[in-house]
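J.: Before we start, here is the structure in question, set down as structure tokens.
Number of protein chains: 2
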Amino acid sequence: MRLGHARAHIKKPDRKDVLVVAFDEGSTVAGVFTKNQFCAAPVLVCREHLKKHASVRALVVNTGCANAGTGAQGLADARATCEAAAKLIGCAPREVLPFSTGVILEHLPMDRLLAGLPACMAGLTADGWGDAAEAIMTTDTLPKAASRQIDIHGHTVTITGIAKGAGMIEPNMATMLGFIATDAVVGEDVLADMVKEAADLSFNAITVDGDTSTNDSFVLIATAQAGNPPINGEGTAEYAKLQEAVNAVAIDLAQAIVRDGEGATKFITVKVEGGQTREECMRIGKSIANSPLVKTAFFASDPNLGRILAAIGKARVKDLDTSKIRVYLDAVLVAEHGGRAESYREELGAAVMKQPEITIRVVLNRGIESGTVWTCDFSYDYVKINADYRS
Amino acid sequence: MRLGHARAHIKKPDRKDVLVVAFDEGSTVAGVFTKNQFCAAPVLVCREHLKKHASVRALVVNTGCANAGTGAQGLADARATCEAAAKLIGCAPREVLPFSTGVILEHLPMDRLLAGLPACMAGLTADGWGDAAEAIMTTDTLPKAASRQIDIHGHTVTITGIAKGAGMIEPNMATMLGFIATDAVVGEDVLADMVKEAADLSFNAITVDGDTSTNDSFVLIATAQAGNPPINGEGTAEYAKLQEAVNAVAIDLAQAIVRDGEGATKFITVKVEGGQTREECMRIGKSIANSPLVKTAFFASDPNLGRILAAIGKARVKDLDTSKIRVYLDAVLVAEHGGRAESYREELGAAVMKQPEITIRVVLNRGIESGTVWTCDFSYDYVKINADYRS
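Going down the list, the sequences are from chains A and B. Every letter in the first sequence is one number past the one before it in our numbering, and letter 220, counting from 1, is 220. Every letter in the second sequence is one number past the one before it in our numbering, and letter 264, counting from 1, is 264.
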């Protein structure tokens with residue numbers, strides 16, 4: 001697996017803005033994509049190319065233009081990108097997956113994009129992950145990469161990923177691109193199951209502003225170079241080991257996105273426990289994590305904790321008994337019996353709120369399921385970044 | 001009907017913060033309330049007191065403290081408020097409705113609140129609407145009042161209302177209090193139906209930040225003093241006339257809330273037409289109106305209109321054919337065939353975006369239903385107001 005980038009002047013002069021990731025023959029891929037119905041042309045093309053246990057030879061990623069809201073021309077542009085890359089690589093166009101991120105409703109500058117591909121190919125190198133992470137950034141302030149190694153029957157298996165995204169991270173991923181590759185040898189269907197579980201525990205569990213993009217994509221590639229005996233379906237120890245490592249890389253990347261959330265000054269973990277289903281825990285967790293009032297209170301280090309209760313109450317979980325709910329801020333019990341805990345003192349809450357990393361823990365006391373959501377606070381800079389984005 | 005206020009120092013010294021609205025015997029009331037499950041104690045008490053065609057003699061409203069997240073003590077405080085007012089008026093406690101707005105998770109200062117009631121009673125006057133509108137404000141910068149007169153069989157019927165609210169206005173009302181009174185003589189059940197329709201077309205059609213409060217309440221009172229022949233169920237011309245006037249007052253108040261939205265600099269109307277159901281039109285309208293990315297783009301007067309498409313796409317309306325959708329900014333066609341309209345020029349969009357009042361019109365081309373949502377932009381000041389609210 002090798003990576004190469006180019007400075008193709010897609011939107012801004014002289015920045016890394018096109019990335020090619022090339023894979024050896026025998027590589028397979030699975031992915032999950034935005035549920036936004038106005039999804040971008042490259043997402044439509046990815047979905048076409050991604051059949052079961054699909055063969056993949058290259059990813060082509062551009063930043064600066066999302067190729068979304070671009071109609072038939074956008075679709076033709078995404079296909080032409082695949083064809084041009086396939087020609088350079090010597091593979092079928094369906095073995096190339098296109099990804100775009102940036103401004104919506106503008107057409108790709110195809111001449112510049114295609115002119116950049118030979119430079120990407122010429123620069124392909126196995127240790128290009130750092131440059132690759134930079135080449136896919138938009139309003140990100142930091143590149144995002146993570147890696148793990150595990151041992152499968154004496155063979156070292158590596159799992160490495162990069163991601164971009166700093167806003168529009170919910171629900172189910174938004175202006176979020178994530179690419180994780182492993183050299184593991186895996187059987188059919190394994191990747192499709194693994195990418196779904198990893199997405200649910202990572203990119204689908206983060207939120208910056210509750211918006212959902214047209215372009216979100218997360219793909220998992222297996223290059224089959226590690227020499228391990230093939231890993232097959234769920235239930236085996238090897239499967240569990242690989243899934244766990246893929247999850248860990250995905251969670252690292254997802255948390256890096258939240259830490260780099262537009263204007264973020266605090267990293268907030270929302271743990272909801274004691275639910276009847278994971279789904280209801282995640283619903284309450286996201287209701288808290290997406291509340292602008294909760295997020296501005298955290299920015300201000302103001303323990304205005306009633307806003308958390310209001311966010312729980314508006315999640316519309318059926319038959320919720322609010323008198324049974326306990327809310328903690330780190331280890332501080334804030335609310336119980338439908339109101340402020342007797343032991344709670346404002347100074348205790350204020351001390352927790354001042355920290356850069358805070359955990360809100362909600363115990364529903366109605367079941368054994370749980371869910372965790374990661375988010376950030378909501379600052380002046382969020383507005384500034386999004387008001388100024390195109391200028 | 002008479003109104004009186006007091007400066008009871010609930011939260012801040014020397015501001016109007018308690019309001020009593022007193023009604024003659026024979027007055028009836030109906031209301032709609034927040035769906036937040038952590039709803040405030042006064043909301044629980046209102047629901048108890050509001051039976052079908054309920055008799056009402058007084059509303060007691062305080063600002064400065066929401067009496068929400070206050071458990072059993074909060075409930076006792078709300079009941080004690082009704083009892084104290086009932087004693088002063090000479091009615092049953094269930095004929096008094098309590099309302100609170102302000103900070104959550106703090107107990108009402110009952111001594112100060114109760115001490116304020118005699119001043120409210122002493123100052124009761126028929127022309128106290130202006131002071132009343134001021135006495136219920138929190139982060140509102142302007143008092144909100146509206147009135148209409150209609151003729152019913154030669155009798156002049158007046159409909160007058162006040163409201164407060166500037167944030168947390170969605171879905172289904174939030175830190176929003178609305179009170180509309182009419183002197184019309186109406187039959188049983190009429191008020192319950194009317195208040196629901198008026199709420200759907202007004203307070204439930206506005207959004208400032210997508211948050212939902214614990215205290216939202218909207219009540220409609222009929223004092224039966226106008227001398228008109230009783231207005232009964234739907235279908236009569238008089239019913240339609242009164243409903244239309246109540247709707248108009250409610251929409252005036254709701255729009256005033258949006259215009260005074262926390263940090264708002266622009267008033268945005270989102271009209272969604274050509275839908276299969278009103279519900280799907282409202283869902284898309286609210287998805288646009290609640291998108292922080294759309295709202296910050298409007299604040300910046302930046303025609304980054306792809307964000308509108310993204311907001312339509314994430315509303316998850318089933319079987320939506322994005323290629324059939326047309327999007328207009330005032331009269332400017334922005335998008336069609338899944339992308340930017342050929343006739344669209346950035347200057348045209350930019351010119352519309354600079355205006356203080358803007359209409360986003362989305363034509364779905366799949367049915368005959370429509371829905372309208374009103375919202376405002378999202379500015380630095382929204383963050384400032386909500387980060388500093390308690391200090």
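C-beta: ideal position from N, C-alpha, C; glycine also.
According to DSSP, simplified to helix, strand and coil, what is residue 79 of chain A?
T.: In the structure shown, residue 79 of chain A sits in a helix (DSSP, three-state: H, G or I).
J.: Identify whether residue 151 of chain B lies in helix, strand or coil by the three-state DSSP scheme.
T.: Reduced to three states, the DSSP call for residue 151 of chain B is strand.
J.: DSSP state of residue 287 of chain A, grouped into three classes?
T.: Three-state result, residue 287 of chain A: helix.
J.: Name the chain B residues that come within less than 9 Å of residue 103 of chain A, Cβ to Cβ?
T.: Correct list: 304, 306.
J.: Just verifying my parser: in three-state terms, what is the DSSP assignment at residue 293 of chain B?
T.: Three-state DSSP puts residue 293 of chain B in a helix.
J.: With three or more beta-carbon pairs closer than 8 Å as the criterion, would you say the segment 175–188 of chain B touches the segment 218–225 of chain B?
T.: Judged by Cβ distances under 8 Å, the segment 175–188 of chain B makes contact with the segment 218–225 of chain B, as three or more pairs qualify.
J.: Is there a Cβ of chain A sitting closer than 7 Å to that of residue 9 of chain B, yes or no?
T.: Not closer than 7 Å to any Cβ of chain A, the Cβ of residue 9 of chain B fails to qualify, so no.
J.: Is residue 339 of chain A close to chain B? Criterion is C-beta to C-beta, closer than 7 Å.
T.: Answer yes: the Cβ-Cβ gap between residue 339 of chain A and chain B drops below 7 Å somewhere.
J.: Are the C-beta of residue 310 of chain A and some C-beta of chain B separated by less than 7 Å?
T.: Answer yes: the Cβ-Cβ gap between residue 310 of chain A and chain B drops below 7 Å somewhere.
J.: Does the Cβ-Cβ distance between residue 197 of chain A and residue 278 of chain A come in under 7 Å?
T.: The answer is no: Cβ separation not under 7 Å.
J.: Assuming residue 62 of chain A and residue 100 of chain A form a contact by the criterion Cβ under 8 Å, report the distance between their Cβ atoms to the nearest whole angstrom.
T.: Right, the Cβ-Cβ distance comes to about 5 Å (below 8 Å), so this counts as a contact.
J.: With a 10 Å radius around its C-beta and 16 neighbouring C-beta atoms as the bar for buried, classify residue 314 of chain B as buried or exposed.
T.: Buried.
J.: Comparing C-alpha positions only, which one of B/143, B/111, B/90 sits nearest to residue 78 of chain B?
T.: Closest by alpha carbon: B/111.
J.: Identify the contact partners of residue 64 of chain A in chain B, using a Cβ-Cβ distance below 7 Å as the criterion.
T.: Chain B residues near residue 64 of chain A: none, gap ~14 Å exceeds 7 Å.
J.: Identify which residue in A/98, A/92, A/273, A/30 has its Cα closest to the Cα of residue 51 of chain A.
T.: Ranking A/98, A/92, A/273, A/30 by Cα distance to residue 51 of chain A puts A/30 first.
J.: For residue 37 of chain A, decide whether its Cβ has a neighbour in chain B, counting only Cβ atoms nearer than 7 Å.
T.: Closer than 7 Å to some Cβ of chain B, the Cβ of residue 37 of chain A qualifies, so yes.
J.: Between residue 232 of chain A and residue 181 of chain A, what straight-line distance do the alpha-carbon atoms span, to the nearest angstrom?
T.: If I take the Cα positions, the gap works out to 17 Å.
J.: Going along the segment 318–352 of chain B in order, which residues come within less than 7 Å of chain A, judged by CB to CB distance?
T.: Cβ contacts with chain A: 320, 322, 335, 337, 338, 339, 340.
J.: Rounded to whole angstroms, how far is the Cβ of residue 142 of chain B from the Cβ of residue 163 of chain B, which I believe are closer than 8 Å?
T.: Not quite, the Cβ-Cβ distance comes to about 11 Å (not below 8 Å), so this is no contact.
J.: Do the CB positions of residue 40 of chain B and residue 175 of chain B come within less than 7 Å of each other?
T.: Cβ atoms of residue 40 of chain B and residue 175 of chain B: not closer than 7 Å.
J.: Please list the terminal residues of the continuous alpha helix (DSSP H) segment that includes residue 6 of chain A.
T.: Residue 6 of chain A -> not in any alpha helix (DSSP H); beta strand (DSSP E) instead, spanning 2–6.
J.: Grouping DSSP H, G and I as helix and E and B as strand, with all else coil, what is residue 368 of chain B?
T.: If DSSP states are grouped into helix, strand and coil, residue 368 of chain B belongs with coil.
J.: Out of B/296, B/353, B/310, B/317, which one is the CA nearest neighbour of residue 338 of chain B?
T.: Closest by alpha carbon: B/310.
J.: Measure the alpha-carbon distance for residue 33 of chain A versus residue 217 of chain A and round it to whole angstroms.
T.: Their backbone Cα atoms lie some 4 Å apart in a straight line.
J.: Looking at chain B, is there any beta carbon in it that lies within less than 7 Å of the beta carbon of residue 12 of chain A?
T.: Not one chain B Cβ lies under 7 Å of residue 12 of chain A.
J.: Between the segment 63–92 of chain B and chain A, which residues of the former have a C-beta closer than 8 Å to a C-beta of the latter?
T.: Result list: 66, 68, 69, 70, 71, 72, 73, 74.
J.: Using DSSP's beta-bridge definition, name the partner residues of residue 239 of chain B.
T.: For residue 239 of chain B, which the question treats as bridged, DSSP gives no partner whatsoever.
J.: Can you find the residues in the same chain that come closer than 7 Å, C-beta to C-beta, to residue 333 of chain B, ignoring five residues on each side of it along the sequence?
T.: Only 326, 341, 343, 344 meet the Cβ criterion.
J.: Should residue 266 of chain A be flagged as near chain B, meaning a C-beta pair shorter than 7 Å?
T.: No, residue 266 of chain A does not count as interfacial toward chain B.
J.: What does the alpha-carbon distance come out to for the pair residue 168 of chain B and residue 204 of chain B?
T.: For residue 168 of chain B, the predicted structure reports a pLDDT of 42, less than 50, and the residue's modelled location is therefore unreliable. The matter cannot be settled from this model.
J.: Distance cutoff 7 Å, beta carbons only. Does residue 164 of chain B sit that close to anything in chain A?
T.: So no, residue 164 of chain B is outside the interface.
J.: In chain order, which alpha helix (DSSP H) runs of at least 4 residues are fully inside the segment 327–368 of chain B?
T.: Those alpha helix (DSSP H) runs which fall completely within the segment 327–368 of chain B and span 4+ residues are 346–353.
J.: Taking C-alpha atoms, which residue in B/347, B/265, B/316, B/282 lies nearest to residue 305 of chain B?
T.: It is B/347.
J.: Looking at residue 374 of chain B: is its Cβ nearer than 7 Å to the Cβ of residue 255 of chain B?
T.: Yes, they are a contact pair.
J.: Pair every Cβ in the segment 147–160 of chain B with every Cβ in the segment 111–120 of chain B, then say whether three or more of these pairs are closer than 8 Å.
T.: Contact fails: fewer than three Cβ-Cβ distances are below 8 Å.
J.: Check whether the segment 57–73 of chain B touches the segment 92–108 of chain B, taking contact to mean three or more Cβ pairs, one atom from each stretch, closer than 8 Å.
T.: Contact holds: three or more Cβ-Cβ distances are below 8 Å.
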